[in-house]
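At position 508 of the sequence shown (counting the first as 1) the number is 511 in this note's numbering, and the numbers step up by one without a gap. Idealized CB from N, CA, C, for every residue including glycine. Everything on this sheet refers to the single structure shown next.
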Amino acid sequence: MKKIKDLKILSNRYIKGLALVVAGILIGSLFFHHKEDKTNVKSQSVEESRRSVWTCAMHPQIRKDKPGKCPICGMDLVPLSHNKVAPGDSDAVSISSVDMRLAGIQTSKVTKQLPGKEIRLYGRVEADERNLRSLVAQVQGRIENLNINFTGETVNKGQKLAEIYSSDLITAQQELLETAKSKNKQPELYEAAKEKLRQMKLSDTQIALMESSGIAISTFEVLAGSTGTVTSRKVNNGDYVSKGTPLFEVVDLSKVWIIFDAYESDLPFIKKEEKIAFNIQALPENHFSGKIDFIDPVIDPVTRVAEVRIEADNGSGELKPGMFATGIVTSPAPKNGDLLAIPRSAVLWTGKRSVVYVKQTGTAEALFKMHEITLGPAFGESYSVSAGLSEGEEVVTYGTFSVDAAAQLDGKPSMMNTPAEPGIKMEHADFHVSGDCELCKARIEKAALSVKGISHAEWDIKTRMLDLLYDVNKVDVLDVHKSVAAAGHDTQFLKAADEIYNALPECCRYRK
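Listed below in structure tokens is the structure:
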């Protein structure tokens, strides 16, 4: 009996212990489940708070507390992300290491360099303008014979190019022969007759031959004044010409010009007397060089280039006007000493501004902040930096647009979203305004923008809502209501005066 009693007592103890264990498990599960629910609720509330602000990807200044359309461009609004920022630096944007790898974002340090630039120029061979001659008719008459019949023909100095029949020349010779008979009594008339023939470009030998023969010649010979190549023939046999009429153009090609086009950004690196090596496309096996002897002081307003010229010997005649040339100038930077330099790919252009993204130091996460910089001359694949950066700073060189897009979506200073001036606090508001047509739209928006401190105003003709972006330190929204009502449109809080409303065009009268 005692054994049975002890067994019952032991059994009761096991049952009680098991009951306590089960009770503990149930209580624990209830406690931890409740805690997990609280954690989930907390997580959901944080997520909801993160998605409580909606913005436009193209216009990050737009802020709304619910989804919708951008009042500026009509794009769907997206939830504003809340990236972590470094303490005290709210303008920096945070990008995770995973996002950096996906976007291919790379950085490099700002360094000092002794810049030298290799400038490639393109140009052509041209005739030396100083060696260009125009042969003109010295007497009035008719072209009797052309000894040069095509352009490109080479002529030598003194070579006969054409013959002109001239009645004036015959008359002048007869005067010479008559005055020669009385040259001892009237030497002045004799010398005057000879001078008249000299003015017709007859030589003293020709004049002496006329006088000794006593016979007047009927044609005048046009002689080449210099050796060269005929580049233009302006007359034909039988043409009648006046004194001074151009007959031929001749150029001496023993020396030619190589004229290169230099962009204005390259001009600081190009100096007179600087050596330039060049190749001619038609003569790839030959290499030439020369010194710059002229830089055009005027920039072409259309092509934005200035001509850079060198003179080249062409005794062999292998350089022909019109040939294409490629030149290379290796020049140091226009300043002495080292310059700060960054890769070209690091710079974003925004009209007047040049911006880069600088990686912040002393933070566990990758933080980037926009810096406005002042650029100096470009050299190679780099820009020199005059202001805005310091040596050793790390700038984004690849994936710059991805960083800028993240900054825009986060409402941080970016290429399209400049930092706000101190004391400026921008806010968004909208309210109902009555109207019916495009004339109403223009009138309402003009009235709203007339209030100082309004940076954006757009009225939606479908919803009749006026969307505003304004500086809260300068604008009382009630003033916008007053301005719109004064233009003849009822607002959510004010009614336009009847006399102003009745003066609106028929299509703008919205009251029923």
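Assigned secondary structure, residue i (DSSP; H/G/I helix, E/B strand, else coil)
{"i": "residue 505", "result": "helix"}
{"i": "residue 205", "result": "coil"}
{"i": "residue 411", "result": "helix"}
{"i": "residue 270", "result": "helix"}
{"i": "residue 387", "result": "strand"}
{"i": "residue 214", "result": "helix"}
{"i": "residue 457", "result": "strand"}
{"i": "residue 328", "result": "strand"}
{"i": "residue 416", "result": "coil"}
{"i": "residue 513", "result": "coil"}
{"i": "residue 189", "result": "coil"}
{"i": "residue 254", "result": "strand"}
{"i": "residue 13", "result": "Low confidence applies here, because residue 13 scores a pLDDT of 42, under 50, leaving its location unreliable; read the following figure in that light. Helix."}
{"i": "residue 307", "result": "coil"}
{"i": "residue 95", "result": "coil"}
{"i": "residue 44", "result": "With a pLDDT of only 38 at residue 44, under 50, the local geometry of the prediction cannot be trusted, and the value read off the model is given with reservation. Of the three classes helix, strand and coil, the one that applies to residue 44 here is helix, per DSSP."}
{"i": "residue 446", "result": "helix"}
{"i": "residue 78", "result": "coil"}
{"i": "residue 467", "result": "coil"}
{"i": "residue 435", "result": "strand"}
{"i": "residue 100", "result": "helix"}
{"i": "residue 49", "result": "Interpretation of residue 49 is limited by its pLDDT of 38, a score under 50 that renders its predicted location unreliable; no figure is taken from the coordinates."}
Within 9 Å, strictly: CB atoms of residue i and residue j
{"i": "residue 484", "j": "residue 513", "result": "no"}
{"i": "residue 394", "j": "residue 81", "result": "no"}
{"i": "residue 2", "j": "residue 399", "result": "Lying before the first or after the last residue shown, residue 2 is absent from the chain, which here runs from 4 to 515."}
{"i": "residue 351", "j": "residue 404", "result": "yes"}
{"i": "residue 307", "j": "residue 295", "result": "no"}
{"i": "residue 265", "j": "residue 378", "result": "no"}
{"i": "residue 255", "j": "residue 231", "result": "yes"}
{"i": "residue 262", "j": "residue 129", "result": "yes"}
{"i": "residue 298", "j": "residue 267", "result": "no"}
{"i": "residue 477", "j": "residue 449", "result": "no"}
{"i": "residue 135", "j": "residue 253", "result": "yes"}
{"i": "residue 96", "j": "residue 498", "result": "no"}
{"i": "residue 345", "j": "residue 319", "result": "no"}
Closest Cα partner of residue i within the set the options
{"i": "residue 132", "options": "310, 258, 285, 488", "result": "258"}
{"i": "residue 357", "options": "65, 375, 327", "result": "375"}
{"i": "residue 141", "options": "482, 202, 100, 440", "result": "202"}
{"i": "residue 466", "options": "450, 434, 377", "result": "434"}
{"i": "residue 200", "options": "188, 190, 184, 174", "result": "174"}
{"i": "residue 149", "options": "454, 167, 320, 415", "result": "167"}
{"i": "residue 410", "options": "397, 440, 361, 251", "result": "361"}
{"i": "residue 445", "options": "415, 475, 507", "result": "507"}
{"i": "residue 138", "options": "251, 325, 70, 304", "result": "251"}
{"i": "residue 2", "options": "239, 127, 448, 297", "result": "Examination of residue 2 is not possible in this model, given that the chain is present from 4 through 515 alone."}
{"i": "residue 437", "options": "494, 459, 390, 475", "result": "494"}
{"i": "residue 76", "options": "431, 135, 461", "result": "461"}
{"i": "residue 69", "options": "509, 490, 431", "result": "431"}
{"i": "residue 3", "options": "505, 470, 487", "result": "Residue 3 lies beyond the stretch modelled for the chain, which goes from 4 to 515, so this question has no answer here."}
{"i": "residue 155", "options": "488, 323, 195, 509", "result": "323"}
Closer than 9 Å to chain D by CB, residue i
{"i": "residue 458", "result": "Note that chain D does not occur in the displayed structure, where there is just one protein chain."}
Environment of residue i [buried if 16+ CB atoms lie within 10 Å]
{"i": "residue 272", "result": "buried"}
{"i": "residue 503", "result": "exposed"}
{"i": "residue 78", "result": "exposed"}
{"i": "residue 197", "result": "buried"}
{"i": "residue 473", "result": "buried"}
{"i": "residue 152", "result": "exposed"}
{"i": "residue 496", "result": "exposed"}
{"i": "residue 417", "result": "buried"}
{"i": "residue 464", "result": "exposed"}
{"i": "residue 170", "result": "exposed"}
{"i": "residue 36", "result": "With a pLDDT of 46 at residue 36, under the threshold of 50, the predicted position of this residue should be treated as unreliable, though the coordinate-derived value follows. Exposed, by the Cβ-count rule."}
{"i": "residue 317", "result": "buried"}
{"i": "residue 481", "result": "exposed"}
{"i": "residue 281", "result": "buried"}
{"i": "residue 402", "result": "buried"}
{"i": "residue 59", "result": "buried"}
{"i": "residue 451", "result": "buried"}
{"i": "residue 172", "result": "buried"}
{"i": "residue 370", "result": "buried"}
{"i": "residue 185", "result": "exposed"}
{"i": "residue 343", "result": "buried"}
{"i": "residue 104", "result": "exposed"}
{"i": "residue 126", "result": "buried"}
Contact the stretch 210 to 220 vs the stretch 180 to 199: 3+ CB pairs below 8 Å: yes
Check whether the stretch 224 to 233 touches the stretch 105 to 112, counting contact only when three or more Cβ pairs, one atom from each stretch, lie closer than 8 Å. no
Within the chosen definition, does the stretch 319 to 333 reach the stretch 268 to 283 through at least 3 CB pairs nearer than 8 Å? yes
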